[in-house]
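Report on one structure; see the data block that follows.
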Amino acid sequence: MGSLCISSWFVVFGEFIYIFGGCFADSWKGFTVASLKDILPVVKLSISSGFMVCLEMWYNAILVLIAGYMKNAEVSISAFSVCININGWEFMICLGLLGAACVRVANELGRGDAKAVVFSIKVVLSTTVTLGVFFWILCLVFGKKIGYLFSNDESVVHTVSDLSVLLAFSMLFNSVYPVFSGVAVGAGLQARVAIINFVCFYLVGLPIGLILGYVTSLQVKVIKAFPLRLTKDLPFDSLKLL
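1365 is the number of the first residue of the sequence shown in the working numbering; add one for each residue after it.
Quick look at the structure:
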């Protein structure tokens, strides 16, 4: 997490130098009062987007914390962290397609072309599902060996192997999530996604995971099972209203 924060600040400093460094004077002509026009809708969307992202990041952090209270906590945390990292690799690829879906949907909605929006969603969705199936197959085929990429501890590798099937389906289903998030952002529906994330992660997944994880013998397997995001398809008919 520390390296993520540092790298994120490097992006901020890089953009600051790009704007105020003087080498690219045409990038920014200076501050004007006109930039404050319609600032409230932008702030509203920004807050909704922030909650949408934070709810997901906090959820992963809570899951790691819960894994620390399971039996054999050291192995559980290590194995679960391996699964989160592998899942993150795939998610980074899908995150790029999320940006593409966001821009494409916003542009086509601005033009009032609902058919182009639907077509764009189908193209991006088919791409991410293909990627999800690819990683799903990789996890199923190499599930017993994938833990060796991160650790030589046999107990950790064995636990990751036990989680490999859940990891495979998690990567398959999570490949769909970025598409719908991108569509929602492009359509200005960040608040709806934030509510869906809160309900699915904290009101459904987390309580069930806690109950089954501590009451049954499933332990960390339950925690890994419930990051499978409950995605909500955006109705295409509603896009016509936008």
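Positions of the beta carbon are idealized from the N, C-alpha and C atoms, including for glycine.
Just to confirm the assignment: which complete alpha helix (DSSP H) runs, minimum length 4, are found wholly within the stretch 1402-1446? Qualifying alpha helix (DSSP H) stretches, in chain order: 1403-1431.
Secondary structure of K1479, DSSP reduced to three states: Correct three-state label for K1479: helix.
Under three-state DSSP, which class holds F1388? Here F1388 sits in coil by DSSP.
Looking at the secondary structure, which residues open and close the alpha helix (DSSP H) in which V1521 lies? Per DSSP, V1521 belongs to the alpha helix (DSSP H) from E1518 to N1538.
Under a Cβ-count criterion, where at least 16 other Cβ atoms within 10 Å of its own Cβ denotes burial, should R1475 be classed as buried or exposed? Exposed, by the Cβ-count rule.
Per the contact definition of three or more C-beta pairs closer than 8 Å, is the stretch 1548-1559 in contact with the stretch 1459-1471? With a cut-off of 8 Å on Cβ pairs, the stretch 1459-1471 is in contact with the stretch 1548-1559, counting three or more such pairs.
For T1494 versus V1540, is the C-beta distance shorter than 8 Å? Result no, Cβ atoms of T1494 and V1540 do not sit closer than 8 Å.
Give every residue of the same chain whose Cβ lies closer than 6 Å to the Cβ of L1594, excluding the five residues on either side of it in the sequence, and list them in chain order. Its pLDDT being 39, under 50, L1594 is placed unreliably by the model, and nothing is read from it.
G1573 versus L1427, L1462, G1546 and V1524, residue with shortest Cα-Cα distance: Out of L1427, L1462, G1546 and V1524, the CA that lies nearest to the CA of G1573 is found in L1427.
Considering only the beta carbon of each residue, do N1561 and E1379 sit closer than 8 Å? Cβ atoms of N1561 and E1379: not closer than 8 Å.
Can you name, in chain order, every residue of its own chain whose Cβ lies under 6 Å from the Cβ of A1532, other than the five neighbours on each side? Spatial neighbours of A1532 in its own chain (CB-CB distance under 6 Å, excluding positions within 5 residues in sequence) are listed in chain order as W1500, C1503 and L1504.
Please go through the same chain and pick out, in chain order, the residues whose beta-carbon is closer than 8 Å to the beta-carbon of T1523, but skip the five residues on each side of it. The residues are V1439, S1440, S1442, A1443, G1511 and V1584.
Quick one: what does DSSP say F1600 is sitting in, helix, strand or coil? Only weak support exists for where F1600 lies, its pLDDT of 36 falling under 50; the value from the coordinates is given anyway. In this structure, F1600 counts as helix in the three-state DSSP scheme.
Look up A1555 in the DSSP assignment and say whether it is helix, strand or coil. Looking at A1555 - three-state DSSP - the assignment turns out to be helix.
Give the single residue among D1477, D1390, G1507 and L1489 whose Cα lies nearest to the Cα of G1546. Considering only D1477, D1390, G1507 and L1489, the residue with the shortest C-alpha distance to G1546 is L1489.
Is L1570 helix, strand or coil when you go by DSSP? The answer is helix: DSSP assigns L1570 an H, G or I state.
On a Cα-Cα basis, can you pick out the residue from V1557, I1575, G1569 and V1407 that is closest to V1417? Nearest of V1557, I1575, G1569 and V1407 to V1417, Cα basis: V1557.
In the DSSP assignment, the alpha helix (DSSP H) including V1397 goes from what residue to what residue? Run containing V1397: none; DSSP gives neither H nor E here.
A1545, enclosing alpha helix (DSSP H) - first and last residue: The question names Ala, but residue 1545 is Ser in the sequence shown. Taken as a continuous stretch (DSSP letters only), the alpha helix (DSSP H) holding S1545 covers Y1541 to G1550.
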